[in-house]
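A.B. asks:
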Amino acid sequence: MNPTLDTLLHRNSLRPNQMQEPAPSDAELQTILRAATRVSDHGNLNPWRLDIYRKPAQEKLVATLLDIWTQKNPDADAALTAKKTGFVARAPLLVMVSSRINRASSVPRIEQILSGAAVCQNLIIAATALGYASCWLTSWAAYDADAKQALNVTPDDEILGFILLGSPAASASERPRPPLDDVVVWHE
Ligand SMILES: Cc1cc2nc3c(=O)[nH]c(=O)nc-3n(C[C@H](O)[C@H](O)[C@H](O)COP(=O)(O)O)c2cc1C
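The sequence shown begins at -5 in the numbering used here and counts up one residue at a time.
See below:
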């Protein structure tokens, strides 16, 4: 089968706890990032940013999220707190994709965000094509004003994804995909 279609037709997410070292090498990551940023983009605005976190930066990010989470959820139990804050360091590499909306442009905000979503999906596809595992998460942190500020994302912008990457440590369980007849309408 055509290798691009093979990747697209067989991609599955793996949870961060199903990933292990190594992360993509620097050279592989460059390729993944080039593929990720080669997206459709109305107005050629590049209205997105990619923040790369490796360890120890991932651990510092956990500490930042922990401060914010515990202030807002002082009664949360330790397991929940660890889950809600530790996810960003639970895989070998984290890429945060966020919008950088160009407000001077007439291109609608939604279209600039959609271009950023394409960045996320291209990133995942490229990592999959190189044999890496990936998972696109948002969690509470993408929508928390203080977390956004700590991550240098303005209130007007959006955290589009925390994308975790690593080597597969398990095989993905196949989940049902929608029958085409459920989601496709043919017009003749
Ligand atoms: C924008 C976006 C945000 C997501 N955020 C989360 C999340 O916070 N937690 C989660 O468990 N899954 C989240 N997911 C879903 C997973 O990334 C994944 O798509 C899902 O587990 C299905 O697996 P699949 O990619 O193999 O279809 C998100 C997906 C998208 C597109």
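Ideal Cβ positions, reconstructed from N, Cα and C, are used throughout, including at glycine. All values derive from a computational prediction rather than experimental measurement.
Checking 8 Å against the spacing of the C-beta atoms, do Ser99 and Gly37 come in under that value?
C.D. replies: Yes.
A.B. asks: Between the Cα of Met13 and the Cα atoms of Pro68, Ala72, Ala166, Arg5, which residue gives the shortest distance?
C.D. replies: Here the closest residue by C-alpha is Ala166.
A.B. asks: To the nearest angstrom, report how far apart Glu53 and Pro172 are at their CA atoms.
C.D. replies: Roughly 38 Å separates the two Cα atoms.
A.B. asks: Relative to the alpha-carbon of Glu151, which residue among Tyr137, Trp130, Leu158 has its alpha-carbon at the smallest distance?
C.D. replies: The amino acid at residue 151 is misidentified as Glu; the sequence shows Asp. Closest by alpha carbon: Tyr137.
A.B. asks: With 8 Å as the threshold, decide whether the Cβ of Phe81 is near any Cβ in chain E.
C.D. replies: The structure shown contains no chain E, having only a single protein chain.
A.B. asks: Nearest to Ala92 by CA position, among Pro16, Lys142, Arg43, is which residue?
C.D. replies: The question names Ala, yet the displayed sequence has Ser at residue 92. If we check each option's Cα against that of Ser92, Arg43 comes out closest.
A.B. asks: Quick check on the DSSP output: what are the complete alpha helix (DSSP H) runs of length 4 or more inside the stretch 9 to 42, in order along the chain?
C.D. replies: List check, alpha helix (DSSP H) in window: 20 to 30.
A.B. asks: With a 10 Å radius around its C-beta and 16 neighbouring C-beta atoms as the bar for buried, classify Met90 as buried or exposed.
C.D. replies: Looking at its Cβ environment, which holds 16 or more other Cβ atoms inside 10 Å, Met90 is buried.
A.B. asks: Any idea which residues DSSP pairs Phe156 with across the strands?
C.D. replies: Met90, Leu131, per the DSSP bridge assignment.
A.B. asks: Could you tell me whether the stretch 55 to 74 touches the stretch 102 to 109, using the rule of 3 or more Cβ pairs below 8 Å?
C.D. replies: Counting Cβ pairs under 8 Å, fewer than three are found: no touch.
A.B. asks: Which complete beta strand (DSSP E) runs does the stretch 60 to 128 hold, if anything under 3 residues is left out?
C.D. replies: The qualifying runs are 87 to 93.
A.B. asks: Can you give me the C-alpha to C-alpha distance between Ser34 and Ala72, rounded to a whole angstrom?
C.D. replies: Ser34 and Ala72: Cα-Cα distance of roughly 42 Å.
A.B. asks: Would Ile157 pass as a contact of Leu117 if the rule is Cβ separation under 8 Å?
C.D. replies: Cβ atoms of Ile157 and Leu117: closer than 8 Å.
A.B. asks: So is Thr122 buried or exposed if we call it buried at 16+ other beta carbons inside 10 Å?
C.D. replies: Thr122 comes out buried.
A.B. asks: For the alpha helix (DSSP H) containing Asp176, list its first residue and its last residue.
C.D. replies: Start and end: 174 to 177.
A.B. asks: Apart from the five residues on each side of it in sequence, which residues of its chain come closer than 7 Å, Cβ to Cβ, to Ala141?
C.D. replies: The answer, listed in chain order, is Leu59, Ile62, Ala135.
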